[in-house]
Amino acid sequence: MLAELDTIQSDALAAISSVQDEAALEEARVGFLGKKGRLSVAGAGMRDVPKEEKKEVGQKLNEVRTAITTALEEKSAELIAARDAAAFASIDPTLPSRPLPAGGLHPLTYVLGEAVKVLRRMGFALAEGPEIETEWHCFDALNTPEDHPARNESDTFYFENGKLLRTHTSSVQIRTMEKVVPPVRIIAPGSAFRRDEIDATHLSAFHQLEGLYVDKGVTLADLKGTLEFFFREIFGSKTEVRFRPHFFPFTEPSFEVDLKLQATGKADKWIEIAGCGMVDPNVFLSVNDARGDAAYSPDEVTGFAFGMGLDRLAMIMYGIPDLRLLIENDVRFLQQFR
Ligand code: DAH
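Using our numbering, the first residue of the sequence shown is number 37, and each one after it goes up by one.
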């Protein structure tokens, strides 16, 4: 029995060492260690071994099994290493990898980021309010009379419960003043919605950036200085800015702000970019009513507010001819802004 086991071991080691591939190795494993393999068959012979030899034979059996198992494992590792080496032979791992296609910021996201950066440097903090608003926050508190055209069903999206999709971000002025006492200096970027016919310069969902500064002694000079600085930071230090008297219910006096566009080969053109003005005392009174205090007493504080279209800002910054390009998500368009 002992001699037979020796033979099995040397046969097995010879067979394993001559194996060329993983299939042949598996065949060798089954041939020696499998259920009907030579070692298993020999092991079954233990029954007939005399009692006093059982220990020695048993030990030998284990030794042989271990030797064969070890040889199988070593050969398997060798075959795998050879296979990997062959696979790598045709590859140069020191070559630079292929560039992965990288995404980029949407032009609106970029413009918003730039605008916020400049305004934060001037001390404006970010504020927000809901897109589904009450009529009071969107119109009444902003001194907008019941019969103002903006409140018309044909201009504004109303819900059955009387709420509406905010038509401007100016509602965030009210939301903010309800919560905090002056001084306040906030900007509120966000979506606004109107029932406009969609064309190259109108979308029914668009983006605005609102600003509000309320404190003791805030003047029109502060408003002009702030917006002129802002537009020069965004569009360059030579940018010309013009304030044109206008009317908004929530500011008095009110202005529209124009930028002078100087495209080479074209006549200079003024384009409207923002609305602004000094906060109307009636707005402060509405806020005080809602707050139940006199934190915004028109005798104590003054303020300025402004609102601009972010989509329009992006159009100017990049020379985008049609607003709809901003929402179509056509990669041929978006790829140009990476
Ligand atoms: N809410 C106005 C609009 O959507 C823009 C605006 C004008 C905002 C004057 C203001 C402001 O804060 O003072 O057309």
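Beta carbons are placed, not taken as given, at the ideal position from N, Cα and C, and that holds for glycine.
Rounded to whole angstroms, what's the CA-CA distance from residue i to residue j? Just pull it up for me.
i: Leu359; j: Ala151; result: 19 Å
i: Gln371; j: Gly140; result: 8 Å
i: Ala228; j: Gln244; result: 7 Å
i: Glu89; j: Lys96; result: 11 Å
i: Pro334; j: Val277; result: 29 Å
i: Asp183; j: Gly149; result: 37 Å
i: Lys87; j: Lys111; result: 37 Å
i: Asp120; j: Ser126; result: 11 Å
i: Ala78; j: Ser46; result: 14 Å
i: Ile363; j: Ala123; result: 47 Å
i: Ile356; j: Val147; result: 13 Å
i: Thr205; j: Asp258; result: 21 Å
If you drop the 5 nearest sequence neighbours on each side, which residues of the same chain put their C-beta closer than 6 Å to that of residue i?
i: Ser290; result: His282, Phe283, Phe284 and Gly313
i: Val93; result: Met37 and Val85
i: Asn318; result: Asn179
i: Leu155; result: Ile223
i: Ala161; result: Ile222
Which residues in the same chain have their Cβ closer than 7 Å to the Cβ of residue i, if we skip the five residues on either side of it in sequence?
i: Glu169; result: Lys199, Leu200, Arg202 and Ser207
i: Phe279; result: Lys260, Phe291 and Val293
i: Val254; result: Thr338, Gly339 and Phe340
i: Gly272; result: none
i: Arg231; result: Ser190, Asp191, Thr192, Phe193 and Ser240
i: Val55; result: Leu61, Ala64 and Lys111
i: Asp329; result: none
i: Met353; result: Val147
If we call anything under 7 Å between Cβ atoms a contact, is residue i one with residue j?
i: Leu41; j: Val85; result: no
i: Gly343; j: Glu246; result: yes
i: Ala341; j: Val323; result: no
i: Phe68; j: Ile116; result: no
i: Val367; j: Lys252; result: no
i: Lys305; j: Leu297; result: yes
i: Gly159; j: Arg221; result: yes
i: Phe242; j: Asp347; result: yes
i: Ala107; j: Leu49; result: yes
i: Ala8; j: Pro143; result: Given that the chain is displayed from residue 37 to residue 374, the structure contains no residue 8 and the question cannot be resolved.
i: Pro218; j: Val250; result: yes
i: Phe266; j: Thr275; result: no
i: Phe373; j: Leu361; result: no
i: Arg187; j: Phe175; result: yes
I'd like to confirm something about residue i: is its beta-carbon nearer than 6 Å to some heavy atom of the ligand DAH, or not?
i: Ala341; result: yes
i: Thr287; result: yes
i: Cys174; result: no
i: Phe279; result: no
i: Ser206; result: yes
i: Gly313; result: yes
i: Phe284; result: yes
Using a Cβ-Cβ cut-off of 8 Å (strictly less than) and excluding sequence neighbours within five positions of residue i, which residues of its own chain qualify?
i: Ile234; result: Ser240 and Arg360
i: Ser53; result: Ala107 and Lys111
Count the CB pairs spanning the region 237-244 and the region 259-270 that are closer than 8 Å, and state whether there are at least three. By the C-beta criterion, the region 237-244 is judged not to be in contact with the region 259-270, since fewer than 3 inter-stretch pairs fall below 8 Å.
Any contact of the region 194-212 with the region 163-178, i.e. 3+ C-beta pairs under 8 Å? At 8 Å Cβ cutoff, the stretches touch.
Looking at C-beta atoms only, is the number of pairs between the region 69-82 and the region 121-131 that lie closer than 8 Å three or more? At 8 Å Cβ cutoff, the stretches do not touch.
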